[in-house]
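Quick note: the sequence shown uses the working numbering, first residue 778, plus one each step. The beta-carbon is built from N, C-alpha and C at its ideal position, and this holds for glycine as well. Read the structure below first, then the notes.
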Amino acid sequence: MGRISGRAACGVPMSDGEALLSVILAQPDEDVPRLVYADWLDENGTESDRARAEFVRVQVALAGVGPTELVPWNQPVVAQRGREKLLLAAHGANWLAPLRAPGGPLQSEATHGQFRRGFVEVVWMPAAWFAVRADVLFARVPVRELRVTRATAEELAALVAHGHFPRLRSLELSDQRLGDSVALVLTRQPAVAALTRLRLRGCGLTDAGACRLADADFDWPLRELDVSLNSLSPYGVAALRARFGEAIVCTTGAE
778 MGRISGRAAC GVPMSDGEAL LSVILAQPDE DVPRLVYADW LDENGTESDR ARAEFVRVQV
838 ALAGVGPTEL VPWNQPVVAQ RGREKLLLAA HGANWLAPLR APGGPLQSEA THGQFRRGFV
898 EVVWMPAAWF AVRADVLFAR VPVRELRVTR ATAEELAALV AHGHFPRLRS LELSDQRLGD
958 SVALVLTRQP AVAALTRLRL RGCGLTDAGA CRLADADFDW PLRELDVSLN SLSPYGVAAL
1018 RARFGEAIVC TTGAE
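Right, dumping it as structure tokens:
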């Protein structure tokens, strides 16, 4: 993908890298600020920064592209996927280093970040850690997806009540064994309506919890609700389907 025409395509002087980052954080769904930032890195950065600029462009180009295993080897997307892997292997640790430094949002060994469209958009962390580090996290990277690695019902309640929670679009609580308390916590906080993807695989959810989710008293436009590997009967799955339709993913055999 080439350069964005216009040095101030997103309304910020190209000399101001921090301002460009602020635009990316404020407009996390937009590609143009990321590509303009890539141009800025090319013109003002180190060798590692120029590699990052290429990485941003490659990942933006690959956004929305599915697996390439069955794509003919001579297609451009295959070369782009290979280049993505090489750049990440060579520079990924350095790009993550500021986030892992003391005081950084990913300094704990229990945390991890994944790049999408050139920036960390997916993070793995305990629910309690989110409450402590969310301010720092969202001040540095445009996080859209949180995969919780450990949580109690109380910690989950604090997480969804946090002021930054509505900035997330995807939440994964798989294998947390919270039982139906996960449904109780989520449906008490309308901020979860910002989520378009919710994964509750293996949480110990029963039909009672499924009905609680289905009866949430706020508009909840989920595109994916994964309730696989829970203790759901066909009744519980049907209740969810009546509310969320084709968003439901369930591989428990209850269907």
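Cα-Cα, which of the options is closest to residue i?
i, options, result
"residue 941", "950, 915 and 869", "915"
"residue 910", "937, 1023 and 880", "880"
"residue 824", "800, 853, 812 and 864", "864"
"residue 1003", "1019, 948 and 892", "948"
"residue 964", "975, 994 and 984", "994"
"residue 885", "893, 873 and 892", "873"
"residue 882", "977, 900 and 936", "900"
"residue 967", "1026, 819 and 997", "997"
"residue 956", "978, 812, 1012 and 943", "978"
Expressed to the nearest angstrom, what Euclidean distance is found between the alpha-carbon atoms of residue i and residue j?
i, j, result
"residue 954", "residue 798", "38 Å"
"residue 834", "residue 1009", "43 Å"
"residue 931", "residue 951", "17 Å"
"residue 938", "residue 902", "17 Å"
"residue 830", "residue 817", "8 Å"
"residue 990", "residue 984", "10 Å"
"residue 822", "residue 815", "10 Å"
"residue 832", "residue 890", "16 Å"
"residue 1015", "residue 1021", "10 Å"
"residue 1018", "residue 1025", "6 Å"
"residue 913", "residue 988", "36 Å"
Can you tell me whether residue i is buried or exposed? The criterion is at least 16 other CB atoms within 10 Å of its CB, across all chains shown.
i, result
"residue 986", "buried"
"residue 870", "exposed"
"residue 907", "buried"
"residue 1028", "exposed"
"residue 919", "buried"
"residue 1023", "exposed"
"residue 852", "exposed"
"residue 783", "The pLDDT assigned to residue 783 is 46, lower than 50, so where the model puts this residue is not dependable, and the model offers no usable value."
Rounded to the nearest angstrom, how far is the Cβ of residue i from that of residue j, given a contact under 8 Å?
i, j, result
"residue 999", "residue 972", "7 Å"
"residue 839", "residue 827", "Going by Cβ atoms, the distance from residue 839 to residue 827 rounds to 19 Å, so no, they are not a contact pair."
Return yes when at least one heavy atom of the ligand MN lies under 6 Å from the C-beta of residue i, else no.
i, result
"residue 852", "This structure does not include the ligand MN; it has no bound ligands of any sort."
Completely contained alpha helix (DSSP H) runs for the stretch 930–990, where each covers 4 or more residues: DSSP runs (the alpha helix (DSSP H)) wholly in the stretch 930–990: 930–938 and 958–964.
Which runs of the alpha helix (DSSP H) fall wholly inside the stretch 814–867 and span at least 4 residues, in chain order? 824–839
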